[in-house]
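Engineer: If you read the sequence shown in the working numbering, its first letter stands for residue 12, the second for the next number, and so on. Where is the CB? At the ideal position from N, CA and C, for every residue including glycine.
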Amino acid sequence: MLYEKKKELGKGGQGKVFLVEHKNTKALAAMKSYPKDDPAARREVDILRKFGGKGVPYLIDLLEEDDEIGIVMEYVEGKSLRTLMKEKRIWEQKESIKIAVQIAEILKRFHEHVPALVYGDIKPENILIRTDGSVCLVDFGSVLYQGEKNRKVFGTREYLAPSENGWAACYGDTYGLGVILYEMLTGVLPREGMINGKADISHLSLSCKYIMRKAVRIHEGAGYENMGQMYEDLKACSITLSGGKKEKKKGKQDYLIMDKSRLFLHGFVKSLCLFLFLFMLAGLASDAAGIKSFAAGKKVEEIRVSSVNAAGEEAEKEDPPRDEYGRKLLVKNH
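(1) Compare the beta carbon distance of THR185 and TYR235 with 7 angstroms and say whether it is the shorter of the two.
(2) If we call anything under 7 angstroms between Cβ atoms a contact, is LYS43 one with VAL28?
(3) Under the three-state reduction of DSSP, which class applies to GLY234: helix, strand or coil?
(4) Is it true that the CB of ALA38 sits closer than 7 angstroms to the CB of VAL31?
(5) For VAL87, count neighbouring Cβ atoms within 10 angstroms of its own Cβ and tell me buried if that reaches 16, exposed if not.
(6) Look at the Cβ atom of ILE133, then the Cβ atom of GLY187, and state whether they are nearer than 7 angstroms.
(7) From the DSSP output, in three-state form, read off PRO68 for me.
(8) For ILE101, count the other beta carbons within 10 Å of its own beta carbon; 16 or more makes it buried, fewer makes it exposed. Which is it?
(9) To which residues does DSSP link HIS33 through a beta bridge?
(10) For GLY63, which of helix, strand or coil comes out of DSSP?
(11) If you count every other CB in all the chains shown that lies within 10 Å of the CB of MET195, and 16 or more means buried, which is it?
(12) Do VAL67 and LEU148 have their C-beta atoms within less than 7 angstroms of each other?
(13) Just checking, does the segment 72-91 make contact with the segment 109-124 on the three C-beta pairs under 8 angstroms criterion?
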């Protein structure tokens, strides 16, 4: 084997990643090991060949030994975004947008490919920030073609968009990037922010809030269809922030509401409103029944009183004449 393993760098979705050194040139590289029959290995090789060099590690070598395939690629020096987020919990808006723009630019190329490629597993662990501040994506074992259904969609739950049909879709990547942007700006995930009451985003620019809201809407026509659309908005937001232009903000608190299928709180509020609506309907129906019953009772009483009065009048008509002592007089017909 031409490469000597130095240490384990991490574990990808389907394989381990090692720092290796070429035995002759002493050049460092990263090598990811896959089982030989894993189709994800071939998919990752294709991605590195097509997109390697700008925001994606370039392919160096491909090794096949025994039951494993070793993909040797560029070693990216830097830290994962997850590591940096642990070091700094809340980021400045300008800095966050700058990183998001670079991520979007990389994935824009994936979505523009024919057929479109969906990265699928966007999360801070798979985003490396080089020492010069540039962004690089790693781990492409989860990449799928848009609409592909013969393989499961891999991903981390917090960043994975709800699937409406089980197919891979480009909005899954825009959704994940929207969640990452929110996490960088607030220090918590959107779901945690809603539960803990820390989802207030009033301090953010209008354009940034617009991007985050649109990214987490997944229904047709409501959110971003692909990363190209999100990239244009992020780039415009970055230009606005770089120019130091301040946007007017309202004084009241502003909250990020994610897609209804992902937020328990939103569903709870909807259920509560539905319950109150049904309760009001039941109350109105009960009042209507009471009024109807009262009206029916009143009518029966009127009929009874009328009958009594009629009987009294009839009785009064039939009463025979009486003398001064109240005795009935016998009247004979002559």
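Structural biologist: In brief:
(1) Between THR185 and TYR235, the C-beta gap is smaller than 7 angstroms, which places the two residues in contact.
(2) For LYS43 and VAL28, yes; Cβs fall inside 7 angstroms.
(3) It is coil, neither helix nor strand.
(4) Cβ distance not < 7 angstroms, so VAL31 and ALA38 don't count as in contact.
(5) So VAL87 counts as buried.
(6) The answer is yes: Cβ separation under 7 angstroms.
(7) Coil, per DSSP.
(8) Burial state of ILE101 is exposed, judged by a 10 Å Cβ sphere holding fewer than 16 other Cβ atoms.
(9) Answer is TYR14.
(10) Note: GLY63 maps to coil in three-state DSSP.
(11) Buried, by the Cβ-count rule.
(12) Result yes, Cβ atoms of VAL67 and LEU148 sit closer than 7 angstroms.
(13) Judged by Cβ distances under 8 angstroms, the segment 72-91 makes no contact with the segment 109-124, as fewer than three pairs qualify.
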